[in-house]
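Numbering (our numbering), first residue to last: 4 to 703. Structure first, then comments.
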Amino acid sequence: MTGSYYLRKRAIYLAGILMLFLCSFLFSSCLKPPWKQSRFSGSRCSQCHRSKLQSYLQKASVHKPVRDRDCHLCHEPHGYIGALLVRDDGGAVLCYRCHPKIAAQTSPQQGFVHQAIQRGGKCTACHDPHASQGSRLLKQEGQKLCFSCHDQALISQPNQHKALEKGCLVCHPPHAAAIGQQAAGLLTASREQELCLRCHSPGREKLAAAHQGYQVIDQRCSACHNPHSSNQRFLLRRTVHKPLQDQGCSACHLPADSKEPFRVKKKERIDDLCYQCHPREQYNNINIKKSVQGSPPQPHQPMREGRCLICHTPHASDRSGLLLAQQTAAGCYRCHQRIREEASQDAAHSPLKKGECTVCHDPHSGELIPSQGEWSQGGGEQQAAAGLCFKCHEKEKSMAKQPATHAPARRGECLACHVAHLSQSSDHLLREPMPRLCYRCHQEAEKTFTKVHVHTPVRDGRCLGCHEAHAGKYEHLLLFPQQELCWSCHLSLRHQLQGASALHAPLKAGDCRQCHAPHASDYKNLLSGDDGRICLTERCHQPLAKALEAEQHQAASSVHGPFKELQCLRCHSPHGSGISPQLLSQAKTLCLSCHQEHEKKLKSDTAHPPDRKGECLTCHLGHRSPYPALLAKGVDSVCLECHQQTEQSFRVAHGGLETQKGGCLTCHDPHSSQGKGLFRKVIHEPFKTKKCHVCHQSAK
């Protein structure tokens with residue numbers, strides 16, 4: 004017992020060691036091998052890349068690994084996958100192995116990092132990894148390199164900052180700003196003012212005189228001045244606040260020699276100062292009785308709270324309206340974060356994507372901008388809402404004059420179907436994808452569409468495949484006249500009916516809906532009723548319907564089988580054909596497709612001429628008859644249409660005897676026979692030998 008226990012324990016111990024060894028082996032085989040001097044030296048690389056190496060070595064600035072032929076420091080000798088030979092995907096991490104100082108500078112914790120490094124993480128945006136004609140392996144020298152990313156319009160104005168003559172690096176570090184400079188941006192000084200005062204000495208009288216005696220050394224210079232170029236003197240920004248331009252700083256601030264020279268004259272609320280020039284009524288929109296939304300106007304929250312400087316700068320700006328942000332939207336997004344996320348989506352409203360919030364919104368009242376546009380079928384609040392949309396959507400403005408107008412469009416309720424900013428349905432800013440959007444109003448239609456057979460556009464949710472969204476020329480907002488719309492999909496049927504002489508009356512009139520349901524039906528081919536019953540409606544073949552109903556009470560009458568079963572399409576084409584009345588084929592072929600026994604008889608020696616010619620309707624009717632076998636008349640009457648009793652040949656053929664009424668079929672087969680005369684198969688012997696006088700004394 005004890006021995007077996009120790010053996011078991013020892014086996015478990017050995018198995019554990021073996022498992023540990025296997026795991027270690029597998030783990031080590033997955034690791035990327037450490038960097039070390041490759042047995043493939045740079046000279047081995049140059050055997051293939053000789054021309055490239057020679058071109059690198061001839062340039063003014065050569066990367067040290069290239070000069071020393073240490074290709075393996077940046078490249079794998081063969082690559083792990085295909086031809087991806089650069090280590091670490093060629094990113095900045097690769098460069099940091101040799102340039103640890105740059106790595107420390109560009110750490111996100113260290114300060115403001117140049118976006119070229121921050122965005123792509125690749126030093127090769129500015130530096131050539133092998134060699135360059137410029138210093139520090141730069142792809143281009145000086146400002147040319149900067150303007151490969153930055154817009155050259157920054158320095159295009161007539162009055163330029165003198166520091167530009169010395170290049171961008173006088174004010175901007177190439178990689179990152181130092182600690183504490185995040186707010187100032189990518190600058191070579193810890194504070195903006197400190198950078199400016201390197202050239203503009205605070206002790207110089209000119210500086211104070213230029214600012215009307217105000218000591219501005221602690222103020223942010225770029226609040227009034229453009230640091231690059233301007234169309235104004237003294238590099239003032241493009242738009243200068245009028246009081247500052249006309250009266251100077253003291254128009255709004257306390258005098259320069261006061262204890263608090265930079266305090267504004269109205270310290271309770273900044274808007275009290277603003278309203279000395281800007282009429283309060285105008286910016287609160289109190290002259291508008293109702294906003295577009297129909298509620299009393301509510302000023303924009305910053306306006307209501309008197310915080311004008313959330314959106315505007317009080318001194319100067321390169322943007323119209325003294326706006327702080329580069330784009331109107333950028334200022335809006337400081338409060339409206341959710342809208343910023345919406346604006347980045349592909350399906351966002353075009354003005355929102357462009358950052359043009361004020362196209363639709365009044366920035367002061369916070370309401371939609373009312374429009375004076377004419378909307379004849381709307382009125383009041385809805386007219387204003389639709390008018391706003393029509394400022395851009397001019398094509399839709401004309402829809403009020405169309406004969407058929409969608410109810411929401413007629414009332415100017417654009418937002419009944421559309422959202423203003425972003426739609427989860429990527430098409431046309433719809434509130435919901437089609438057809439869910441349509442069913443919000445057309446609830447009954449949704450129920451009626453739940454049938455066995457559904458029209459393909461309805462099944463696919465493509466309401467706009469047949470209907471206009473806003474307005475149109477045709478009833479039910481159809482894109483085209485009814486039949487033309489149907490033809491746009493059913494081209495094969497249109498080609499099939501070209502040249503057809505016998506067209507169904509509804510099709511000829513372009514009224515497809517007389518027989519077909521446009522959306523869904525419980526009957527095949529989207530018929531609005533069962534095959535035969537749809538034909539025998541009050542609008543169409545009513546006499547036949549009444550005849551069928553009457554024949555049901557007359558046992559002696561004869562009714563064609565397909566007609567009795569309401570299988571009209573067994574004989575007729577529903578749309579049209581080249582054979583009247585819309586027959587599927589010539590009468591002979593059509594009839595014999597069912598009456599196959601007659602087809603065999605026609606191959607005999609003698610056939611009734613109408614049978615032989617396929618003129619079945621010479622003797623028979625197509626639907627019903629008061630006579631047997633669908634005969635057009637009584638038996639003798641049908642025969643006597645062709646075989647006149649008064650003719651000499653008729654009298655001779657019958658031995659001079661007068662034929663009895665209804666007696667033709669006693670002797671003759673109406674379709675065919677083996678011999679002449681269409682006589683039936685079994686013939687009375689005296690009759691066969693033409694000895695009629697044996698029985699009929701008057702026979703000749």
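Note that CB positions come from ideal geometry on N, CA and C, so glycine has one too. Owing to the predicted nature of the structure, the values given are computational and were not obtained by experimental measurement.
Relative to the C-alpha of residue i, which candidate in the options has its C-alpha closest?
i, options, result
"Cys-74", "Leu-97, Gln-61, Leu-569 and Ala-63", "Leu-97"
"Ala-635", "His-657, Cys-698 and Ser-560", "Ser-560"
"Pro-246", "Thr-361, Ser-204 and Leu-325", "Leu-325"
"Gly-94", "Leu-88, Lys-104 and Cys-126", "Cys-126"
"Ser-580", "His-214, Gly-532, Ala-632 and Ala-503", "Ala-503"
"Gly-188", "His-671, Gln-118 and Leu-547", "Gln-118"
"Gln-677", "Lys-603, Cys-101 and Thr-692", "Lys-603"
"Gly-358", "Gly-659, Ser-347, Ser-368 and His-367", "Ser-347"
"His-164", "Ala-212, Pro-631, Asn-234 and His-214", "Asn-234"
"Lys-527", "Met-402, Gln-329 and Lys-454", "Lys-454"
"Thr-361", "Gln-155, His-133, Ala-333 and Ala-448", "Ala-333"
"Arg-575", "Cys-538, Cys-670, Lys-606 and Ala-548", "In the sequence as presented, Arg is not what sits at residue 575; that position holds His. Comparing Cα-Cα distances from His-575 to each of Cys-538, Cys-670, Lys-606 and Ala-548, the minimum goes to Cys-538."
"Leu-425", "His-244, Asp-349 and His-493", "Asp-349"
"Gly-658", "Gln-647, Ser-524 and Gln-700", "Gln-700"
With the cut-off set at 8 angstroms, would you say residue i and residue j are in Cβ contact?
i, j, result
"Ala-410", "His-473", "no"
"Gly-475", "Leu-481", "yes"
"Cys-224", "Glu-271", "no"
"His-421", "His-431", "yes"
"Cys-619", "Ala-590", "yes"
"His-456", "Leu-572", "no"
"Thr-592", "Ser-675", "no"
"Asp-534", "Leu-569", "yes"
"Leu-231", "Leu-157", "Position check: residue 231 holds His in this sequence, whereas Leu was assumed. Yes, Cβ-Cβ distance for His-231 and Leu-157 is below 8 angstroms."
"Tyr-477", "Ala-407", "yes"
"His-175", "Thr-191", "yes"
"Cys-227", "His-318", "yes"
"His-611", "Leu-496", "no"
"Asp-514", "Gln-485", "yes"
"Ala-212", "Gln-218", "no"
State the DSSP-derived secondary structure class of residue i, mapped to helix, strand or coil.
i, result
"Gly-666", "coil"
"Leu-190", "coil"
"Gln-3", "Since the displayed the chain opens at 4 and closes at 703, residue 3 lies outside it and no answer follows."
"Phe-682", "strand"
"Lys-39", "Below a pLDDT of 50, predicted positions are generally treated as unreliable, and Lys-39, at 48, falls in that range; the measurement from the model is reported next regardless. The answer is coil: DSSP assigns Lys-39 none of H, G, I, E or B."
"Thr-408", "strand"
"Gly-390", "helix"
"Thr-127", "helix"
"Thr-540", "coil"
"His-75", "helix"
"Arg-283", "helix"
"Ala-448", "helix"
"His-153", "coil"
"Ser-368", "coil"
"Ser-232", "strand"
"His-470", "strand"
"Val-641", "helix"
"Thr-316", "coil"
"Arg-13", "helix"
"Thr-242", "strand"
Assuming residue i contacts residue j (C-beta within less than 8 angstroms), just tell me the rounded distance between them.
i, j, result
"Pro-302", "Cys-314", "Not a contact, Cβ separation roughly 13 angstroms."
"Arg-627", "Phe-566", "6 angstroms"
"Arg-240", "Ser-320", "5 angstroms"
"Ile-220", "Leu-200", "6 angstroms"
"Leu-141", "Leu-148", "6 angstroms"
"Ser-583", "Ala-505", "4 angstroms"
"Leu-312", "Ile-273", "6 angstroms"
How many angstroms separate the CA atom of residue i from the CA atom of residue j?
i, j, result
"Asp-131", "Pro-80", "20 angstroms"
"Phe-150", "Ser-135", "18 angstroms"
"His-563", "Gly-625", "7 angstroms"
"Arg-462", "Arg-439", "12 angstroms"
"Ser-588", "Cys-667", "31 angstroms"
"Ser-353", "Glu-344", "14 angstroms"
"Cys-695", "Phe-653", "15 angstroms"
"His-507", "Thr-459", "24 angstroms"
"Arg-465", "Arg-434", "15 angstroms"
"His-153", "Leu-391", "36 angstroms"
"Ala-180", "Ser-193", "8 angstroms"
"Ala-128", "Ile-120", "8 angstroms"
So with Cβ pairs under 8 angstroms, would you call residue i a contact of chain C?
i, result
"His-396", "Included in the structure is just one protein chain, with no chain C present."
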